[in-house]
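These notes are about the structure you will find just below.
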Amino acid sequence: MAKRKYSADFKYAAVRAAKQGKTLSKINTLLAGSVSKDSLRQWTNLYNTTQAVVRDPSTYKTLGRPFELEGEDLTFISNMVANKPTVYLDEIQRALIEERGVSVCLKTIAKTLHERLNISKKTIRTVNRRQDEEARAYYLSRISCIPTSYLVFTDESGVSLEVVARKRGWAPVGQRTPRVPQERSTHK
C-alpha cells in the first residue's frame, strides 16, 4: 500500500477516537479514511510521548556520519575565503590546524566549501593596483575631443610574466569573485 499524507487534524481526530476506545474500522468509517493499524499505532505512541501527532523537525535525529567541521570551523573557513578569495585548500588546512586545532583532509575542506557553504572556485576578476578613477576621467576628457580615426592603440602581446600569479578564487555560488588587486607585468 502506498504512503498517504494525512493532515495533523486528521491524525489528531484518529488518535482521539482511539483513546475513546473506538476500533480501527469504526475510526476509518467515522473519518472516511483508510488508516492502517501501524499508522494509528505510530500516531498514538507519538501523542503519548510528545502530546502532538506531528513531530517537530528540530527533534529529528541526524542520520549518517557526523560532520567533521561544525559551527565555528565553518565560520572560520568562510571568513578566510572572504578575506582572501585566492586561498588554496592546503592553506585552509594549515590554518585550521594552527588556529583551530582541527585536522581534516583536503577533500573534506573541498566538500565543505561546495556542499555546506555553497562556495565554488572561479576565475578571479583582477584589477590593477595603480588604477585610478580620477586619472581615467581626466584622460577620457582630454581624448574625447580627438576624432576616433586619429587614434592608434598598441599593446604588448605574447609575453606573460604572471606564471605564478593566482588565477582562480572562491566565491559563493551565483556570485562573482571580488576584484583582486594585481600588479601588471612590466616588460623591460
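Under this note's numbering, the letters of the sequence shown match residues 0 to 187, in that order.
Beta carbons are placed, not taken as given, at the ideal position from N, Cα and C, and that holds for glycine.
Beta-carbon spacing of Thr125, Gln181 below 8 Å: yes
Span separating the alpha-carbon of Arg253 from that of Val53: The requested residue 253 is not part of the displayed model; the chain covers only 0 to 187.
Assigned secondary structure, Thr22 (DSSP; H/G/I helix, E/B strand, else coil): coil
DSSP three-state assignment for Gln50, whether helix, strand or coil: coil
Through-space distance from Gly63 to Pro84, alpha-carbon basis: 31 Å
The segment 67 to 78 in contact with the segment 90 to 102 per 3-pair CB rule at 8 Å: yes
Nearest candidate by alpha-carbon position, reference Gln130, set Arg178, Cys144 and Ala109: Arg178
Exposure of Val172, with buried meaning 16 or more beta-carbon neighbours within 10 Å: exposed
Pick from Arg141, Glu67, Ala170 and Arg128 that is closest to Ser119, judged by C-alpha positions: Ala170
Beta-carbon proximity of Leu39 to Ala13, cut-off 8 Å: yes
Pro95 to Lys121 span [Cα, whole Å]: Note on residue identity: the sequence assigns Leu, not Pro, to residue 95. If you take the alpha carbons of Leu95 and Lys121, they lie about 23 Å apart.
Neighbour-count burial assignment, Ala17, 16 or more Cβ in a 10 Å radius: buried
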